[in-house]
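Data first, discussion second: the structure below is written as C-alpha cells.
Residue numbers (the working numbering): -4 to 163.
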C-alpha cells in the first residue's frame, strides 16, 4: 500500500468521528490516567487531548497529493493495528472510541507524518520531554517502554541513549 492510499483510508475513517466521540475518548484517557501521580495526571490528559485534536485536524486538512507517495510496510502497519487492539482492558464504549481513533491517528503519525506518537510538549515523569534535533526526534522513555503492549517500536523517535552517544 502507498502512503496516499493509506491517508485516503484514514481520512474516510475519520469522517465518522463526532465531537461526542472525542468527548468519549477524553473520558477514557481520564480513567486510564487515574494511577498517574496527581501532579502529572492533568498535564498528561491535557497534552494528549491537545495532540489528539491537532492530529485529528491535520489529517482532515491534509491533501493526498501534498504527501510523498511512498510504499508503506504493510506488515508493520498490520502489527501496529494488532498491538493497538491489545490495549483493550475495560470493554467500554469510551475505550472502543479510543481504540478506533488510535487506529487512525497512530498510523498517520508513524507512516505519513513521521512524527512522534506522543507530543513534544508532553512532560514525562522525571521532568523530561521528547527532543527534536534537526529532523530527528529523541525520546527519554523509548528503551524503557518496549513490550508487547507498547507502540514504541513504531514511533519515529530514537532513544535518548543515541542522543547522548552522538555527543561523545
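Glycine residues also receive a C-beta, built at the ideal position from the N, C-alpha and C atoms.
- Should residue 21 go down as buried or exposed, given a rule of 16 or more other Cβ atoms within 10 Å for buried? buried
- So residue 166 is in the beta strand (DSSP E); what residue range does that whole segment cover? A query on residue 166 cannot be resolved here, the shown segment of the chain reaching from -4 to 163 and no further.
- residue 50 (DSSP reduced to helix, strand or coil): helix
- Query: With a CB to CB cut of under 6 Å and the five nearest residues on each side skipped, what residues in its chain are close to residue 81?
  - Reply: 144
- Query: Leaving out five residues before and five after residue 152 in sequence, what residues of the same chain have Cβ atoms less than 7 Å from its Cβ?
  - Reply: 111, 125, 132, 133, 134 and 137
- Item | Euclidean distance between Cα positions of residue 10 and residue 55 | 8 Å
- Task: Identify which residue in 84, 33 and 127 has its Cα closest to the Cα of residue 158.
- Result: 127
- Query: Going by the beta-carbon positions, is the gap between residue 67 and residue -2 smaller than 8 Å?
  - Reply: yes
- Message: Tell me the DSSP secondary structure of residue 132 in three-state form.
- Response: strand
- Assign residue 113 to one of two classes, buried (16 or more other C-beta atoms within 10 Å of its C-beta) or exposed (fewer than that). buried
- How is residue 126 classed by DSSP in three states: helix, strand or coil? strand
- Helix, strand or coil at residue 69 [DSSP, three-state]: helix
- Item | Between the CA atoms of residue 102 and residue 46 - distance to the nearest angstrom | 14 Å
- Item | Proximal residues to residue 43 (C-beta, below 8 Å), its chain only, five neighbours per side dropped | 24, 113, 114 and 117
- Item | Contact check, residue 69 vs residue -4, beta carbons under 8 Å | yes
- Task: Please state whether DSSP places residue 137 in a helix, a strand or coil.
- Result: helix
- Just the C-alpha distance for residue 90 and residue 96, rounded to the nearest angstrom, thanks. 10 Å
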